[in-house]
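Novice: These protein sequence lines are chains V and X, in that order.
Note that the working numbering gives residue 49 to position 43 of the first sequence, counting from 1, and the numbers run on in steps of one.
Note that the working numbering gives residue 294 to position 288 of the second sequence, counting from 1, and the numbers run on in steps of one.
Where is the CB? At the ideal position from N, CA and C, for every residue including glycine.
There are 2 protein chains.
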Amino acid sequence: MKVIESDFQAWMGGIQARMEAALARLLPASHIASTRLHEAMRYASLEGGKRVRPLLAFGAGEVTQAMPERLEVAAVAVELIHAYSLVHDDLPCMDNDVLRRGKPTVHVEYNEATALLVGDALQSLAFQLLAEHRLADDPRLQLEMVRTLAVAAGSRGMAGGQQIDLESTGAALSLPELEFMHIHKTGALIRAAVRLGADCGQGNADERQRLDRYAKAIGLAFQVVDDVLDHDASTATLGKTAGKDSKQGKATYVAALGLAPARQLADELRAEALAALDGLGGRARRLAQIADFIVLRKF
Amino acid sequence: MKVIESDFQAWMGGIQARMEAALARLLPASHIASTRLHEAMRYASLEGGKRVRPLLAFGAGEVTQAMPERLEVAAVAVELIHAYSLVHDDLPCMDNDVLRRGKPTVHVEYNEATALLVGDALQSLAFQLLAEHRLADDPRLQLEMVRTLAVAAGSRGMAGGQQIDLESTGAALSLPELEFMHIHKTGALIRAAVRLGADCGQGNADERQRLDRYAKAIGLAFQVVDDVLDHDASTATLGKTAGKDSKQGKATYVAALGLAPARQLADELRAEALAALDGLGGRARRLAQIADFIVLRKF
Numbered sequence: 007m008k009v010i011e012s013d014f015q016a017w018m019g020g021i022q023a024r025m026e027a028a029l030a031r032l033l034p035a036s037h038i039a040s041t042r043l044h045e046a047m048r049y050a051s052l053e054g055g056k057r058v059r060p061l062l063a064f065g066a067g068e069v070t071q072a073m074p075e076r077l078e079v080a081a082v083a084v085e086l087i088h089a090y091s092l093v094h095d096d097l098p099c100m101d102n103d104v105l106r107r108g109k110p111t112v113h114v115e116y117n118e119a120t121a122l123l124v125g126d127a128l129q130s131l132a133f134q135l136l137a138e139h140r141l142a143d144d145p146r147l148q149l150e151m152v153r154t155l156a157v158a159a160g161s162r163g164m165a166g167g168q169q170i171d172l173e174s175t176g177a178a179l180s181l182p183e184l185e186f187m188h189i190h191k192t193g194a195l196i197r198a199a200v201r202l203g204a205d206c207g208q209g210n211a212d213e214r215q216r217l218d219r220y221a222k223a224i225g226l227a228f229q230v231v232d233d234v235l236d237h238d239a240s241t242a243t244l245g246k247t248a249g250k251d252s253k254q255g256k257a258t259y260v261a262a263l264g265l266a267p268a269r270q271l272a273d274e275l276r277a278e279a280l281a282a283l284d285g286l287g288g289r290a291r292r293l294a295q296i297a298d299f300i301v302l303r304k305f
Numbered sequence: 007m008k009v010i011e012s013d014f015q016a017w018m019g020g021i022q023a024r025m026e027a028a029l030a031r032l033l034p035a036s037h038i039a040s041t042r043l044h045e046a047m048r049y050a051s052l053e054g055g056k057r058v059r060p061l062l063a064f065g066a067g068e069v070t071q072a073m074p075e076r077l078e079v080a081a082v083a084v085e086l087i088h089a090y091s092l093v094h095d096d097l098p099c100m101d102n103d104v105l106r107r108g109k110p111t112v113h114v115e116y117n118e119a120t121a122l123l124v125g126d127a128l129q130s131l132a133f134q135l136l137a138e139h140r141l142a143d144d145p146r147l148q149l150e151m152v153r154t155l156a157v158a159a160g161s162r163g164m165a166g167g168q169q170i171d172l173e174s175t176g177a178a179l180s181l182p183e184l185e186f187m188h189i190h191k192t193g194a195l196i197r198a199a200v201r202l203g204a205d206c207g208q209g210n211a212d213e214r215q216r217l218d219r220y221a222k223a224i225g226l227a228f229q230v231v232d233d234v235l236d237h238d239a240s241t242a243t244l245g246k247t248a249g250k251d252s253k254q255g256k257a258t259y260v261a262a263l264g265l266a267p268a269r270q271l272a273d274e275l276r277a278e279a280l281a282a283l284d285g286l287g288g289r290a291r292r293l294a295q296i297a298d299f300i301v302l303r304k305f
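1. In chain X, which residues lie less than 8 Å from residue 205 of chain V when you measure between Cβ atoms?
2. At a CB-CB cut-off below 9 Å, which residues of chain V make contact with residue 89 of chain X?
3. Check whether chain V comes within 8 Å of residue 173 of chain X, counting only Cβ atoms and requiring the distance to be less than that.
4. Three-state secondary structure (DSSP) at residue 105 of chain X?
5. Listed in chain order, which residues of the segment 148–165 of chain V have Cβ atoms closer than 9 Å to some Cβ of chain X?
6. Pull out every residue of the segment 39–56 of chain V whose Cβ sits closer than 8 Å to any Cβ of chain X, in chain order.
7. Taking just the CA atoms, how far does residue 186 of chain V sit from residue 177 of chain V?
8. One question on the structure: do residue 223 of chain V and residue 214 of chain V come within less than 8 Å of each other, judged by their Cβ atoms?
9. Distance cutoff 8 Å, beta carbons only. Does residue 25 of chain V sit that close to anything in chain X?
10. Which ranges would you report for the alpha helix (DSSP H) in the segment 65–150 of chain X if only whole runs of at least 4 residues count?
11. Can you tell which of X:275, X:265, X:235 has its C-alpha closest to the C-alpha of residue 219 of chain X?
12. Is the shortest distance between the beta-carbon of residue 133 of chain X and the beta-carbons of chain V less than 8 Å?
13. Whole-angstrom Cβ separation of residue 284 of chain X and residue 301 of chain X, contact assumed at under 8 Å?
14. Give me, in chain order, the residues of the same chain whose beta-carbon lies closer than 6 Å to that of residue 67 of chain X; leave out the 5 immediate sequence neighbours on both sides.
15. Would you say residue 122 of chain X lies against chain V (beta-carbon separation less than 8 Å)?
16. Is the separation between the beta-carbon of residue 192 of chain V and that of residue 225 of chain V shorter than 8 Å?
17. Pick out whichever of V:132, V:280, V:114, V:79 has its Cα sitting closest to the Cα of residue 157 of chain X.
18. Assign residue 151 of chain V to buried or exposed, taking buried as 16 or more other Cβ atoms, counted over all protein chains shown, within 10 Å of its Cβ.
19. For residue 159 of chain V versus residue 217 of chain V, is the C-beta spacing smaller than 8 Å?
20. Output yes or no for whether 8 Å exceeds the beta carbon distance between residue 266 of chain V and residue 179 of chain V.
21. With residue 182 of chain X as the anchor, note down where its alpha helix (DSSP H) starts and where it stops.
22. I think residue 47 of chain X touches residue 161 of chain V, with their Cβ atoms under 8 Å apart; what is that distance to the nearest whole Å?
23. Got a sec: is the Cβ-Cβ distance from residue 238 of chain X to anything in chain V below 8 Å?
24. Return the chain-ordered list of same chain residues with a C-beta closer than 6 Å to the C-beta of residue 174 of chain X, the five sequence neighbours on each side being excluded.
25. What are the start and end residues of the alpha helix (DSSP H) that includes residue 196 of chain X?
26. Any beta-carbon of chain X closer than 8 Å to the one on residue 31 of chain V?
27. Out of V:294, V:288, V:268, V:74, which one is the CA nearest neighbour of residue 278 of chain V?
28. Kindly list the residues whose CB is nearer than 8 Å to the CB of residue 135 of chain X, restricted to its own chain and excluding five residues on each side of it in sequence; keep chain order.
29. Please determine, among X:128, X:119, X:288, the residue with the shortest C-alpha to C-alpha distance to residue 88 of chain X.
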């Protein structure tokens, strides 16, 4: 297994810092009314996570030579959708989780009603940003970008996957069923991140197709690795409640396949993702490194 | 007081039927996975309400001579945002309401988690529709329409107003505070309905300004009348739990002003709305009738 290169660490750190600054700038300030809602929206979105989806958007943007100022806005929009989904997912009627990224979840820190509105308003803000900043030379392509994110977030994407997840709790899913769920629940937004990043630049049909194939593989790999880590890790390392999936009777790749085969599947998906990048040359270097980072990560 | 003209009743019935058909067509079919989510999204959106926001969009579209096929999509998008807000508003952590339009609310008919996802997915679908159908000759104007709806739905619009509403429960609001809350909570989406309807056609700056002035007045009138009706009516007539605002200690115009002055305020706002339409001629006839309908309605 390759070690993650230090120039990638520096690139990743740069994107993460850039995202933090962009989110801080693009989220409404906490002195604007409703102040408490804006404060909670910032609490839910800032200082959070590895920013995997933004990394993917920037990585795809390198392939299509997109302008960083455009990538930044597209990446923030995707990240806001992700942040909203975590806030709603943590609510008592869903996963009922009290800890996220080492901090109390939004409904614990504020209250349930505020957490509900935080998620709702983060979703609106994502579409507002995609519409109000110039992200493509052709405004028709930009409308297509709005559509891409909406479909990925909606009932035939992330929200649909969450519903299937809800209904499958306590049931033993077959591998195809599990895959169907994750293609929607996490895969759709990861694909959208890659596609929106690519759309900020000029990509030809072959490049777009390769990027999409990469995104599909890496989206699934991400979930398989998540399941493996959830099975392995302690609460301290994860910064969230560990082992909760199996405790809640949720279907996981570890439960469906066993631990070693799940690890092997993650490696195969990484190989598939890297194969999709063949022919894109050095411009796809960051995406290849992200694939390694996702599959080889320990947290 | 004028009686509502029968040709308006016919026009309104036509728009309502058209909206029902359009929603049925544009919502994902209930056999598409996730089937239960799609079924619940349809339950939340079909056979519902007076469709005031669509009526306003179509009324504004008559002023700017917009194509009905465009108005239909814009009106559906606004109505989906409205429908999502009702589903989330009815949840136990918000108003905890069990009855809506004479039917069990979504979380009662399905469950809380599904209701949460229904609202989330309806919001995504609204933006998807605004992006994927051609609504304006200039795609830049259409991006502006996406932005209009996102701002109206978000933290500086409807969601922000709901947060202020949450925080004000049990408190006595001054009239300006009450107005500030309603300008956001219901006013923003009503203004967006008028603006999106107008944007589907060709309006000059003066017309757009007049329409916006109309929308601001009618948005507030709508809420004042709602408060009066909630104070007056029985559960049977409203099709929802009546008197709940005062029971929950929510600030209302009736509480802030008294019943007769609240009724007078509604009449003044209607006059202001009608005055804003001066100079738009016969093309604004429907909007004038809607103003009458909103203020003179009994349910």
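Specialist: If we stick to the structure as given:
1. Neighbours of residue 205 of chain V on chain X: none; closest Cβ ~13 Å, over 8 Å.
2. None at all; the shortest Cβ gap to chain V is about 13 Å.
3. At a cut-off of 8 Å between beta carbons, residue 173 of chain X contacts chain V.
4. Residue 105 of chain X falls in the strand class under three-state DSSP.
5. Across the segment 148–165 of chain V, CB contacts with chain X closer than 9 Å involve 148, 149, 150, 151, 152, 153, 154, 155, 156, 157, 158, 159, 160, 161, 162, 163, 164, 165, in sequence order along the chain.
6. When CB distances to chain X are screened at a threshold of 8 Å, the residues of the segment 39–56 of chain V falling below it are 39, 40, 42, 43, 44, 47, in chain order.
7. Answer to the nearest angstrom: the Cα atoms are 15 Å apart.
8. Taking a C-beta distance under 8 Å as the contact criterion, residue 223 of chain V and residue 214 of chain V do not qualify as a contact pair.
9. Among the residues facing chain X, residue 25 of chain V is not included, as its CB has no counterpart in that chain under 8 Å away.
10. If only complete runs of 4 or more residues are kept, the segment 65–150 of chain X shows the alpha helix (DSSP H) at 74–95, 112–115, 118–138, in order along the chain.
11. Here the closest residue by C-alpha is X:275.
12. Yes, residue 133 of chain X counts as interfacial toward chain V.
13. So it is not a contact: roughly 18 Å between Cβ atoms.
14. Sequence-distant partners of residue 67 of chain X (beyond 5 residues in either direction) whose C-beta falls short of 6 Å from its own C-beta, in its chain, are 77, 203, 206, 207.
15. Yes, contact with chain V.
16. With contacts defined as CB atoms closer than 8 Å, residue 192 of chain V and residue 225 of chain V qualify as a contacting pair.
17. Scanning V:132, V:280, V:114, V:79 for the CA closest to the CA of residue 157 of chain X turns up V:132.
18. The C-beta of residue 151 of chain V has 16 or more other C-beta atoms within 10 Å across all chains shown, which makes the residue buried.
19. No, Cβ-Cβ distance for residue 159 of chain V and residue 217 of chain V is not below 8 Å.
20. It is not a contact, given that the beta carbons lie outside the stated cut-off.
21. Start and end: 181–188.
22. About 6 Å separates the two Cβ atoms, so the contact holds.
23. The Cβ of residue 238 of chain X sits no closer than 8 Å to any Cβ of chain V.
24. Annotation for residue 174 of chain X: 257 place their beta carbon closer than 6 Å to its own, counting only its chain and skipping 5 residues before and after.
25. In this chain, the alpha helix (DSSP H) harbouring residue 196 of chain X covers 194–205.
26. Cβ-Cβ to chain X under 8 Å: no for residue 31 of chain V.
27. Out of V:294, V:288, V:268, V:74, V:294 has the C-alpha closest to the C-alpha of residue 278 of chain V.
28. Taken in chain order, the residues that qualify are 32, 79, 82, 83, 86.
29. Measuring C-alpha to C-alpha distances from residue 88 of chain X to each of X:128, X:119, X:288 identifies X:128 as the nearest.
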